[in-house]
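Q:
Residue numbers (the working numbering): 1098 to 1485.
Written out as structure tokens, the structure is:
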């Protein structure tokens, strides 16, 4: 009986040791070799590609956020910083060819160029970029790891390497802030499967960020970053960083402004042009469900059976409502024209603040009038025949 008890204790101790060790000193040779091999692969292979999705759970603000990007990264010996990359996201891309950086905005159809001289003023220019916040190249050395564990996620065996940093909380010195970073490595393919960042203040978890990596591809050739990477955006207008900042500070849409994007996806998933039809102008009504003044505008337009002038296209755009809600709402109002929900991102290009706002656009994409609220001017614009 005594022998059996001792045997059980021995097996239990072995299992505990296998599942988690307090320091890497007792970790298996395999785990250390996987870490070193993966670091070497990411830091020396000339070009690698991968797709990552980040999941942000900001518990201190009760908010969540998800971002997905495709990354092409190449070590470029002749570049200013020793590398180049192309990060392709949903609404925007970043292309760095080793000299200049291009931020490609697909919503505004604009390319913002930051020159090499501007970048080289800051040695850590790209350190806080979203595409490198969870960077599979930034793996720790084995000596810096606090704990190594083997685990299984979705049926895949992985090694987990943990680093923990403890500091006094800036706001509450009596509380300790704990930042934990976990790296999950695939021992078979020698790649980073995921990275998790956990922030705690005292006993409260304030933030959890998960980065999941898939679709790795490696090449021994250096990648030449340029037009072939950004075929879609070659027709976009290009501005300097200074001009972009001036445009962003310019505020709300005003008469005389020229729009640089005509195509948006409506609530039925179809692409529509809001200007460009010969001899026709467009009035965009910006509103949202629950807007009292919008209700008044709909009632007044319904009295006229929405019989707008033959040379005017009236469309509706909401910056906050989803398509399934908006469709039913506009049907009840009897609104018979094209409409756009928040996913169209139209308001990003117009920057209207009051609701409803009516924007008159000519066939060339030039804003002729911007009117807050529904009044006699809007009524004449929509229903009374006017000369050009």
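Glycine is no exception: its CB is placed at the ideal position from the N, C-alpha and C atoms.
According to DSSP, simplified to helix, strand and coil, what is residue 1119?
A: Numbered from 1 along the chain shown, position 22 holds the residue referred to as residue 1119. Caution applies to residue 1119, whose pLDDT of 42 falls short of 50 and renders its modelled position unreliable; the model cannot decide the point.
Q: Return yes when the Cβ of residue 1383 is within less than 7 Å of the Cβ of residue 1347, no when it is not.
A: For the purposes of this step, residue 1347 is identified with residue 250 of the chain shown, where counting begins at 1. For the purposes of this step, residue 1383 is identified with residue 286 of the chain shown, where counting begins at 1. The answer is no: Cβ separation not under 7 Å.
Q: Taking its Cβ as the centre, do 16 or more other Cβ atoms sit within 10 Å of residue 1461, making it buried, or is it exposed?
A: Taking the first residue of the chain shown as 1, we reach residue 1461 at position 364. Exposed.
Q: Can you have a look at residue 1181 and say buried or exposed, based on whether 16 or more other CB atoms are within 10 angstroms of its CB?
A: Looking up residue 1181 in the chain shown gives position 84. Classification for residue 1181: buried.
Q: Kindly examine the ligand MN and report whether one of its heavy atoms sits closer than 6 Å to the Cβ of residue 1349.
A: By its list of ligands, the structure shown contains no ligand whatsoever, and the ligand MN lies outside what it can speak to.
Q: Can you give, in chain order, each stretch of the beta strand (DSSP E) that sits fully within the region 1289-1361 and has at least 3 residues?
A: List check, beta strand (DSSP E) in window: 1301-1316 and 1334-1337.
Q: Per DSSP, what kind of secondary structure is residue 1369 in: helix, strand or coil?
A: By 1-based counting over the chain shown, the position of residue 1369 is 272. If DSSP states are grouped into helix, strand and coil, residue 1369 belongs with the strands.
Q: For the beta strand (DSSP E) holding residue 1382, just list the boundary residues, first then last.
A: Within the chain shown, numbered from 1, the residue matching residue 1382 stands at position 285. Counting along the chain, the beta strand (DSSP E) containing residue 1382 begins and ends at 1378-1383.
Q: DSSP three-state call for residue 1215: helix, strand or coil?
A: One-based indexing of the chain shown puts residue 1215 at position 118. Note: residue 1215 maps to helix in three-state DSSP.
Q: Please tell me whether residue 1449 and residue 1409 are closer than 7 Å, where the distance is taken between their beta carbons.
A: The count along the chain shown starts at 1 and reaches residue 1449 at position 352. The count along the chain shown starts at 1 and reaches residue 1409 at position 312. No. Outside cutoff.
Q: Take the Cβ of residue 1389 as the centre, count every other Cβ of all protein chains shown within 10 Å, and call the residue buried at 16 or more, exposed below.
A: In the chain shown, residue 1389 corresponds to position 292, counting from 1. With fewer than 16 other Cβ atoms within 10 Å, it is exposed.
Q: Tell whether a beta-carbon distance below 7 Å holds between residue 1198 and residue 1334.
A: Counted from its first residue, the chain shown places residue 1198 at position 101. Counted from its first residue, the chain shown places residue 1334 at position 237. The answer is no: Cβ separation not under 7 Å.
Q: Mapping DSSP to helix, strand and coil, what is residue 1393?
A: Residue 1393 sits at position 296 when you count from the first residue of the chain shown. Note: residue 1393 maps to helix in three-state DSSP.
Q: On the premise that residue 1262 lies in contact with residue 1136, defined as a C-beta separation below 8 Å, what is that separation, rounded to the nearest angstrom?
A: Position 39 of the chain shown, counting from 1, holds the residue named residue 1136. Position 165 of the chain shown, counting from 1, holds the residue named residue 1262. Wrong, their Cβ atoms sit about 20 Å apart, outside the cutoff.
Q: Nearest to residue 1163 by CA position, among 1152, 1326 and 1169, is which residue?
A: Working through the chain shown from its first residue, we reach residue 1163 at position 66. Cα-wise, what sits closest to residue 1163 is 1152.
Q: For residue 1259, collect the residues of the same chain with a Cβ closer than 6 Å to its Cβ; drop the 5 residues on either side in sequence, then sort them by chain order.
A: In the chain shown, the residue the question calls residue 1259 occupies position 162. Around residue 1259: 1243, 1244 and 1279.
Q: Please classify residue 1487: is it buried, with 16 or more other beta-carbons within 10 angstroms of its beta-carbon, or exposed?
A: The question about residue 1487 has no answer here: the residues shown for the chain are numbered 1098 through 1485.
Q: Shortest alpha-carbon distance to residue 1428 belongs to which of 1416, 1447, 1403 and 1229?
A: Counting from one through the chain shown, the residue named residue 1428 turns up at place 331. The residue with the shortest Cα to Cα distance from residue 1428 is 1403.
Q: What first and last residue would you give for the beta strand (DSSP E) that runs through residue 1465?
A: By 1-based counting over the chain shown, the position of residue 1465 is 368. Where residue 1465 is concerned, the enclosing beta strand (DSSP E) stretches over 1464-1469.
Q: From 1405, 1209, 1299 and 1231, pick the residue whose C-alpha is nearest to that of residue 1147; which is it?
A: Walking along the chain shown from the start, residue 1147 turns up at place 50. If we check each option's Cα against that of residue 1147, 1231 comes out closest.
Q: Quick check: residue 1183 and residue 1322, are their CB atoms within less than 7 Å of each other?
A: Taking the chain shown and counting its residues from 1, one reaches residue 1183 at position 86. Taking the chain shown and counting its residues from 1, one reaches residue 1322 at position 225. Contact: yes.
Q: Here's the rule I'm using: 16 or more other beta-carbon atoms within 10 Å means buried, otherwise exposed. How should residue 1329 be labelled?
A: In the chain shown, the residue the question calls residue 1329 occupies position 232. Burial call: exposed.
Q: Using the C-alpha atoms, what's the distance from residue 1154 back to residue 1302?
A: Position 205 of the chain shown, counting from 1, holds the residue named residue 1302. Position 57 of the chain shown, counting from 1, holds the residue named residue 1154. Whole-angstrom Cα-Cα distance: 10 Å.
Q: What's the call for residue 1249, buried or exposed, on a 16-neighbour Cβ count within 10 Å?
A: Against the chain shown, residue 1249 aligns to sequence position 152. Per the 10 Å Cβ criterion, exposed.
Q: For the region 1167-1209, list the alpha helix (DSSP H) runs that are entirely contained and at least 4 residues long, ordered along the chain.
A: With a minimum length of 4 residues, no continuous alpha helix (DSSP H) run stays inside the region 1167-1209.
Q: For residue 1294 versus residue 1311, is the C-beta distance shorter than 7 Å?
A: On the chain shown, position 197 is the one that residue 1294 refers to. On the chain shown, position 214 is the one that residue 1311 refers to. Taking 7 Å as the Cβ cut-off, residue 1294 and residue 1311 do not qualify as a contacting pair.
Q: Can you tell which of 1287, 1454, 1205 and 1367 has its C-alpha closest to the C-alpha of residue 1332?
A: Against the chain shown, residue 1332 aligns to sequence position 235. Among 1287, 1454, 1205 and 1367, the Cα nearest to that of residue 1332 is on 1205.
Q: Where does residue 1345 land, buried or exposed, given buried means 16+ other C-beta within 10 angstroms?
A: For the purposes of this step, residue 1345 is taken as the residue at position 248 of the chain shown. Per the 10 Å Cβ criterion, exposed.
Q: Just the C-alpha distance for residue 1166 and residue 1277, rounded to the nearest angstrom, thanks.
A: Residue 1166 sits at position 69 when you count from the first residue of the chain shown. Residue 1277 sits at position 180 when you count from the first residue of the chain shown. Taking the straight line joining both Cα atoms gives about 24 Å.
Q: Looking only at C-alpha atoms, which of 1226, 1463, 1479 and 1196 sits nearest to residue 1353?
A: Stepping through the chain shown from its first residue, residue 1353 is reached at position 256. For residue 1353, the nearest C-alpha among the options comes from 1463.
Q: How big is the Cα-Cα spacing for residue 1433 and residue 1411?
A: Locating residue 1433 in the chain shown gives position 336, where the first residue counts as 1. Locating residue 1411 in the chain shown gives position 314, where the first residue counts as 1. Roughly 9 Å separates the two Cα atoms.
Q: Residue 1241 by DSSP, collapsed to three states: which one?
A: Translated into positions along the chain shown, residue 1241 becomes position 144. Looking at residue 1241 - three-state DSSP - the assignment turns out to be helix.
Q: Which runs of the alpha helix (DSSP H) spanning at least 4 residues fall entirely within the region 1417-1472, listed in chain order?
A: If we require 4 residues or more, the alpha helix (DSSP H) runs fully inside the region 1417-1472 come out as 1420-1430 and 1443-1447.
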